[in-house]
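Working notes, structure below.
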Ligand SMILES: Cc1ncc(COP(=O)(O)O)c(C=O)c1O
Ligand SMILES: Cc1ncc(COP(=O)(O)O)c(C=O)c1O
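Protein chains in written order, with our numbering: chain H, 261 to 673; chain W, 261 to 673; chain Y, 588 to 737; chain C, 588 to 737.
If you want it as structure tokens, here you go:
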């Protein structure tokens with residue numbers, strides 16, 4: 261297997277040089293960072309964009325007349341436009357900046373859905389959702405009497421649009437579905453799901469925290485009602501995420517957080533709110549982070565995205581082939597429509613022990629329930645080990661993983 | 261007046277060299293950045309700390325076994341400890357990281373107070389609060405029938421502890437008060453207010469977004485129930501703020517946002533929550549920003565804070581003396597207990613016109629209602645012009661302001 | 588002094604802002620609109636009396652705000668009195684281009700000259716909203732009868 | 588292989604984790620406690636039967652988890668059977684020091700030797716919680732009768 265390393269000249273050359281951290285050894289070994297689904301590393305130009313902004317153009321936004329404030333406001337609004345373009349939204353006013361993807365989903369739950377829930381109303385979601393696309397709906401169950409209708413995935417981790425459609429009933433108020441599972445890698449058949457939901461008059465929220473990293477998104481083509489991204493997985497900074505929502509939905513939403521920027525007028529006894537998106541951006545927003553996120557999206561889109569995806573998928577299949585002989589290893593999630601995530605259980609080896617041993621070999625993987633406990637239950641596991649690939653991942657990373665697995669088997673197996 | 265510039269050797273030398281942006285000309289003039297109350301500039305070492313972290317230690321926190329995740333988690337928790345130390349809290353578990361100060365106040369409003377409000381219950385607040393310490397209470401008025409009881413300030417902008425105490429009645433559930441007004445500069449008599457409120461069994465939330473920048477805070481000595489800070493005004497990054505709350509309060513609070521990190525267990529039908537502070541930190545937190553905030557707090561506390569304050573106040577009095585001859589200028593806020601903020605109205609000159617003219621002279625001031633409309637109403641003004649001082653401010657900044665005012669008077673007066 | 592400042596605060600503007608024309612409420616207005624700039628708290632109220640022939644018989648404004656917003660409102664009311672609603676919209680279109688530093692195209696020379704005193708705003712992007720507030724309010728008044736805008 | 592790994596996964600540990608002692612529920616337990624590590628989903632349940640003399644007559648555990656948490660629970664039950672509650676607490680104190688790489692002070696030599704097989708955890712800060720889960724659960728069981736901890 262090792263011989264395959266230099267087999268073919270790859271169509272896409274991972275831009276390792278942009279990511280200083282990848283060259284730093286861990287425990288004296290080269291780092292094989294296979295935890296990008298938890299958070300991606302940040303290319304130099306993202307950090308540079310933030311630093312350049314902070315050292316030459318920084319001020320608070322919106323409220324100021326002076327030069328720096330005008331420039332900072334422009335950069336912030338340009339970042340919104342960059343997100344709009346990245347997602348294919350109609351208007352930048354349909355983009356709300358949040359603290360992360362999780363807040364964006366909560367915003368929809370609390371500001372759009374909560375006031376529309378009557379006890380017994382249903383929310384359809386899948387068992388492969390991340391807790392961030394589960395807990396906000398549980399809140400509505402606890403507080404407003406909503407009923408959660410869970411859609412199962414097939415044993416290979418596939419999600420069928422028909423299964424989602426079947427779960428939609430007359431009382432369904434929303435379908436919440438991930439674009440791509442952070443455990444299984446499964447890519448959801450969004451177009452069919454959204455079409456089926458819309459045929460029944462039900463809006464759809466897409467959790468794109470993983471999906472937008474690997475797939476080209478066009479919210480208008482999808483006709484998604486809500487689409488959520490998070491900055492740090494998109495090679496951008498922490499502290500920022502974004503919600504796309506159709507303007508009609510945003511207009512119909514009450515604010516979630518109150519404070520500066522989001523009001524029209526405040527008196528002692530009365531308050532009126534600003535129009536979207538300002539209505540949902542209370543207080544000083546993640547200004548520096550918005551500049552970083554815009555730089556990250558520019559970075560991503562400067563590549564041939566199909567080539568990036570092909571590269572990531574080639575690593576996935578390289579890894580899959582390499583572990584096939586390990587009969588003590590069981591893949592969790594092997595759907596035909598699958599992104600570059602490899603989750604598995606290893607017989608007699610608990611994921612944490614495995615991850616600890618891999619770590620000593622320089623291989624960074626995630627072990628645990630991946631914030632997807634209902635999915636763990638579905639597959640009858642407590643936790644899995646997960647290797648996830650990004651545009652900077654290499655065959656060497658995969659080889660280090662495979663060698664590490666063999667070592668772990670020797671120690672623990 | 262210009263002659264005074266080199267009068268005495270100052271006790272505190274503003275560390276201009278740490279702030280690259282201050283050396284950049286604006287409209288061909290030296291920048292006199294007098295808008296630090298809106299947001300402070302960031303010293304080099306804050307930016308360096310974030311960059312070093314991002315290029316050598318970054319990963320997502322908490323969930324990972326591997327080296328980078330362990331290091332990142334350690335940095336994040338060290339930052340929490342730094343905030344604890346900065347505020348004098350008992351335990352780092354009493355510190356919740358938020359997206360900004362505004363979110364921290366909303367967290368108290370929605371997770372602590374909202375479930376305790378019966379229609380007719382009262383919230384006491386002052387007319388000098390920032391919208392971020394007004395709107396969350398308005399939400400409780402709109403949604404839960406709370407009554408807002410407003411405490412006035414004196415004509416000079418002073419806040420009397422007695423006035424606050426008088427407003428507290430049997431139905432008062434919370435007193436919300438700013439540590440320092442972002443318009444008047446007024447510093448509230450917190451100890452007396454908190455003692456009076458506690459004597460009546462009423463908890464107190466202190467909005468320290470401005471106060472913590474200029475005053476040494478000890479939440480235990482104050483016996484504050486809740487204390488709020490925001491990173492970007494503390495020379496730190498955007499995208500992060502923090503709530504201090506007594507552990508007993510945190511334990512009694514339900515979560516506001518749901519998602520990863522904040523749960524104990526999630527099944528299809530049930531959910532249990534993690535202990536504080538994790539319960540209130542849904543999703544990936546502002547990790548890189550936490551490192552930046554810690555660096556900023558280290559930066560601040562490395563100075564003799566009394567000397568910094570004396571420096572800022574000396575600039576305030578220098579400015580006050582300089583504008584005294586301008587009989588067309590009226591100060592708004594001249595309390596004996598006052599931080600380094602100068603707000604004023606200029607006869608015949610609207611604040612926006614004034615700020616525009618000052619900007620062309622390189623002088624960055626804020627013009628508007630400063631997110632404090634009830635205070636504007638109280639003083640019968642639509643807007644004010646505000647110059648605010650920071651540790652990097654200089655007498656030259658003040659002189660540029662004064663010269664700019666004279667020019668504006670010539671153009672508009 | 589900075590040239591762009593001189594252009595922004597030229598005599599005509601200051602005169603309009605100090606001595607606004609058509610200031611005060613209008614009895615028997617057929618249309619009114621209120622505008623508000625939440626950033627600075629400025630407000631303007633526009634009163635219009637439009638005849639059956641679609642002609643603006645009378646127009647006035649009230650409000651408080653910066654020199655730019657007051658001058659813009661004053662200039663607008665001065666120019667619109669006696670025009671048709673269609674002409675008012677053409678003028679507004681030209682004005683919006685002008686304050687963004689674009690070509691005001693389609694206006695006749697005299698109108699362009701009069702509006703041109705506001706062209707200096709284009710060098711001050713943060714102030715464009717001040718200049719356009721009255722115009723947007725006028726438009727929403729015409730459209731909605733009684734409207735709010737910002 | 589890395590020395591610290593070798594120490595962490597030494598034979599005694601692996602043996603405890605593969606063949607846990609005192610595994611399974613205890614009838615007539617006087618105290619039980621449940622522990623949960625939300626990071627990995629690991630759980631442990633501790634059963635104790637404490638006599639009137641304050642002595643642990645019997646102890647067992649159930650649960651699922653990593654080698655470290657299972658070995659630690661197994662070792663703990665092995666060592667606590669027959670001890671007094673006070674002795675159990677002393678042992679726990681020593682253990683908590685040990686896994687943080689501190690001196691386990693106050694333990695007798697034999698106990699120290701037996702606990703020492705877990706000392707390798709101290710080189711793996713992210714795994715310390717795995718090692719202490721059973722002990723914390725045991726403590727909360729003793730304190731609360733029936734308790735939950737994490
Ligand atoms: C007194 C006061 N409170 C609260 C805030 C809100 O802070 P942030 O916008 O960072 O949430 C500010 C700053 O705008 C302020 O000056
Ligand atoms: C599928 C999915 N949804 C939502 C999230 C939450 O993103 P964040 O933690 O940035 O809010 C994640 C990442 O943890 C994820 O993988």
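Every residue, glycine too, gets a C-beta built ideally from N, C-alpha and C.
Bear in mind that the values here come from a model prediction, so they are computed numbers and not experimental data.
Just to check, is the beta-carbon of residue i closer than 8 Å to a non-hydrogen atom of ligand 1?
i, result
"residue 295(W)", "no"
"residue 581(H)", "no"
"residue 717(Y)", "no"
"residue 441(W)", "yes"
"residue 624(Y)", "no"
"residue 386(W)", "no"
Using only the heavy atoms of ligand 2, determine whether one of them is closer than 8 Å to the beta carbon of residue i.
i, result
"residue 493(H)", "yes"
"residue 470(H)", "yes"
"residue 298(H)", "yes"
"residue 390(H)", "yes"
"residue 475(H)", "no"
"residue 587(W)", "no"
"residue 363(H)", "yes"
Could you tell me whether the Cβ of residue i comes closer than 9 Å to any Cβ of chain W?
i, result
"residue 655(Y)", "yes"
"residue 474(H)", "no"
"residue 702(C)", "no"
"residue 647(H)", "no"
"residue 266(H)", "Residue confidence is low: residue 266(H) scores 39 on pLDDT, short of 50, so the model does not pin down where it sits. Its coordinate-derived value is still stated next. Residue 266(H) does not count as touching chain W."
"residue 626(C)", "yes"
From the beta carbon of residue i, is the nearest beta carbon of chain H less than 9 Å away?
i, result
"residue 295(W)", "yes"
"residue 713(Y)", "yes"
"residue 600(Y)", "no"
"residue 592(C)", "yes"
"residue 645(C)", "no"
"residue 601(W)", "no"
"residue 319(W)", "yes"
In chain order, what residues of the same chain have a beta carbon less than 8 Å from the beta carbon of residue i, not counting five sequence neighbours either side?
i, result
"residue 556(W)", "302, 303, 306, 491, 494, 495, 496 and 497"
"residue 640(H)", "none"
"residue 683(Y)", "719 and 722"
"residue 662(H)", "261, 579, 582 and 583"
"residue 608(W)", "588, 672 and 673"
Can you name the start and end residues of the alpha helix (DSSP H) that residue i belongs to?
i, result
"residue 601(Y)", "598-605"
"residue 664(Y)", "654-667"
"residue 683(C)", "672-686"
"residue 666(H)", "655-672"
Quick one: measure Cβ to Cβ for residue i and residue j, integer angstroms, because I've assumed they're closer than 8 Å.
i, j, result
"residue 489(H)", "residue 499(H)", "With a Cβ gap of about 14 Å, residue 489(H) and residue 499(H) do not count as contacting."
"residue 619(H)", "residue 327(W)", "6 Å"
"residue 633(C)", "residue 721(C)", "7 Å"
"residue 516(W)", "residue 370(W)", "5 Å"
"residue 558(H)", "residue 315(H)", "20 Å between Cβ atoms; not a contact."
"residue 593(H)", "residue 445(H)", "5 Å"
So, for residue i: in the same chain, excluding its five sequence neighbours on each side, which residues have a beta-carbon less than 6 Å away from its beta-carbon?
i, result
"residue 572(W)", "600 and 649"
"residue 591(W)", "604"
When the cut-off is 9 Å and only beta carbons count, does residue i lie next to chain Y?
i, result
"residue 325(H)", "yes"
Looking only at its chain, what residues have a beta carbon closer than 7 Å to the beta carbon of residue i, apart from the 5 residues adjacent to it on each side?
i, result
"residue 638(Y)", "644"
"residue 347(H)", "477, 479, 487 and 504"
May I ask which residues mark the beginning and end of the beta strand (DSSP E) holding residue i?
i, result
"residue 624(Y)", "618-624"
Tell me, please, whether the CB atom of residue i is closer than 9 Å to any CB atom in chain C?
i, result
"residue 548(W)", "no"
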